[in-house]
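Those protein sequences? They're chains C and W, same order as listed. Going by this note's numbering, the letters in the first sequence line up with residues -19 to 222, in that order. Going by this note's numbering, the letters in the second sequence line up with residues -19 to 222, in that order. A virtual CB, placed ideally from N, CA and C, is assigned to each residue, including glycine. Treat the numbers as computed from the prediction; the structure is a model and nothing was measured. Notes follow once the structure below has been shown.
Number of protein chains: 2
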Amino acid sequence: MVGKSQIKFIKSLLQKKYRNQYGMFVVEGLKTVQELLDSNFEAHIIYTVGDVLDNAEHINTELVSEQELKRLSNLKSPNKVLGVFKFPKEKPVDQQGWVLALDDVRDPGNLGTIIRLCDWFGIQHLACSNNTVDCFNPKVLQATMGSITRVNIVYTDLVQFINESSLSVYGTFMDGDNVHTTSLPQKGILVMGNEANGISSAIEALVEHRISIPQFGDQRTESLNVATATAIFLNEIKRTGS
Amino acid sequence: MVGKSQIKFIKSLLQKKYRNQYGMFVVEGLKTVQELLDSNFEAHIIYTVGDVLDNAEHINTELVSEQELKRLSNLKSPNKVLGVFKFPKEKPVDQQGWVLALDDVRDPGNLGTIIRLCDWFGIQHLACSNNTVDCFNPKVLQATMGSITRVNIVYTDLVQFINESSLSVYGTFMDGDNVHTTSLPQKGILVMGNEANGISSAIEALVEHRISIPQFGDQRTESLNVATATAIFLNEIKRTGS
C-alpha cells in the first residue's frame, strides 16, 4: 500500500532542489531500471507491479498495483517499474583521454543524446558547467537509454576545471578551423556551448583551438543543433585516433 | 474577423489527410513564415497581429487580434504570425550527387533534424518512403528551422525509386563496414532506416554497400539515434568529397 508521504517524496524528486537535498533521483521503465540495477548505482527503493526484475533479491522492492504505480509515476503510461536510486559517487575526471565539456547546455533531450553519444564513442568523462541541465532530470534520463551508468558526469565551475587541467582545449565556433583538415590529438578537452548563445566569453578566452564543421549548403542555414554537432565532433576525434 | 469556417479549415490542416486534400499546410512563427515568403513557396493566406513581415505586399494577409491568433494556433504561445502555404511542386530527383533516402522514419523531430542536416551538408534531394512521417507535419516544420525551403523532399515507393536509379546504394547496418575506412564515391544513395526496426528487408535486398559507425564504448550501448547517425554519415560523405 503506497501512502501519501511516499507519493509526496517521489513527486518531490521531479525537482532538482529535492533531488540534491535527498541525493536521490527517480527512474521509470523496466529496461532502464534493470540497467541501473545491473550497474554500480545503488537502489533506495523499487516499486514494481510484479516479479519482472532480474538480480533484485537484495533490493528493497515494494509490490504495487497498476493504479498505485500510476499515482507515483510522472508518465502517462507507466511501464511496470519505478525506481528511486541514490546519486552515484562522483569520480575524479581522468585526464588520460578526451573529456567533453558542456557550457550551459539547457535542453534535457540534448543532454540525454550527448550522454548516449559519449557512451557510444567511449568518452568516459563529461564535465558540465553548473548551469547545464541536471542529468537526473527525468527527461534527460529517458533520452540516455541507460548510458548514464557508463559515463562519469561531473558538475563543476568550468572555468576553474579548464584552468586546472593540462589538456589542450578545443572549442567549436562557426569561424573555427575546418575539423576535416585539423589534426586532432589523442586527448584533450572538447567544449560545446549553449543552444542559443554558444560558448560563453569566459570559456572562449580559455579555448586554444577553434574548430568548426564546414557547411556545404546554403549560407542561410541555421547552425547545427548541439547534439548533432557533438555527434560529428566525437566521430572526428575517434576517426583520428583509430 | 476570423470566422468559424476559417478556424475549422486551419485546424483540419493539422491532419495529413486534409493537408493532402487541400494541398496546403500551416506554418507558425515570424521567422519561419518569413523564410517561406522569401523562398519559392506560395502563400495561400497569412494571419498576422501587426505589420511584422517583409516583402508581403502582394500576399493575401489578414490582420487579426492576439486572441484570434490564439484560436487559430496549435501553439500554447502563438508567435505573431500563422501562414497557410501551398505544397511546393515536386522536382525530379537529380542523380548528380548524393541522395538521402529514409525508409520509414517515423519521429517528426528526427525528420526535422535530418532535413536541417541535408541543408547544412548541401544534400539537395531527400527521398522518403511513403510511410515516413509527413514533412508538413507541424512538429517537423518546427524542427526544420526553414531548411524545408532548400531541400527537395519526395515521397515515393522507395523500392521502385532505388531500382530505377543507377546510383550505388549504401545502407547503414550495425554489422556494416567501418565508414572511417570505407572510400565513398562522389555520388550515391544513402539509406537510413526506421527508429525501431532499421532498414526493411525489401530495401536491404537492394543495398550494395553495408556501412556502419564504429563503436568505441561499452558493447551494451543502444545504437545511435537515426538523426545523430545521419549527421555522422553525411559528414563522412562530405569529408571524402571535400
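Exposure of Ala176 of chain W is indicated by the presence of fewer than 16 other C-beta atoms within 10 angstroms of its C-beta. Per DSSP, the continuous beta strand (DSSP E) segment holding Arg190 of chain W begins and ends at 189 to 192.
Close to Ala211 of chain C, with beta-carbon spacing below 7 Å, are these residues of chain W in chain order: Thr208, Ala211, Ile212. Per DSSP, Thr201 of chain C has no beta-bridge partner at all. With a threshold of 16 other beta carbon atoms within 10 Å, Ser127 of chain C meets it and is buried. Setting aside the 5 residues that flank it on each side, Ile(-10) of chain C is surrounded in the same chain by Val6, Leu52, Leu62, Val64, each with a C-beta closer than 8 Å to its C-beta; the list follows chain order. Inclusion of Gly156 of chain W and Arg190 of chain W in the CB contact set at 7 Å is warranted, their separation being smaller than that value. Closer than 7 Å to the CB of Arg219 of chain W there is at least one CB belonging to chain C. Residues of chain C with a Cβ closer than 9 Å to the Cβ of Arg130 of chain W are, in chain order, Gly197, Asp198, Arg200, Thr201. By the neighbour-count criterion, in which 16 or more other beta carbons inside 10 Å mark a residue as buried, Val13 of chain C falls on the buried side. Nearest CB-CB separation between Met154 of chain W and chain C: not below the 7 Å threshold. Residues of chain C whose Cβ lies closer than 8 Å to the Cβ of Ser127 of chain W are, in chain order, Thr201, Glu202. In this chain, the alpha helix (DSSP H) harbouring Val120 of chain C covers 118 to 124.
For the options W:Val139, W:Phe153, W:Glu216, W:His160, the alpha carbon positioned closest to that of Ser203 of chain W is the one of W:Phe153. Within chain C, no C-beta atom comes nearer than 7 Å to that of Thr28 of chain W; the closest sits roughly 22 Å away.
Uninterrupted beta strand (DSSP E) stretches at least 3 residues long and entirely within the stretch -1 to 62 of chain W occur at 4 to 8, 23 to 28, 41 to 43, given in chain order. Residue state for Leu97 of chain W is assigned as helix, using DSSP reduced to three classes.
Residue contact check for His160 of chain W against chain C: a CB pair falls below 7 Å.
Between Val149 of chain C and Val171 of chain C the beta-carbon gap is near 7 Å, inside 8 Å, which marks them as a contact.
By the Cβ test, the stretch 26 to 45 of chain W is not in contact with the stretch 70 to 86 of chain W, since fewer than three Cβ pairs between them sit closer than 8 Å. In the assembly as shown, Leu(-6) of chain W is an exposed residue. Its beta-carbon has fewer than 16 other beta-carbons within 10 Å.
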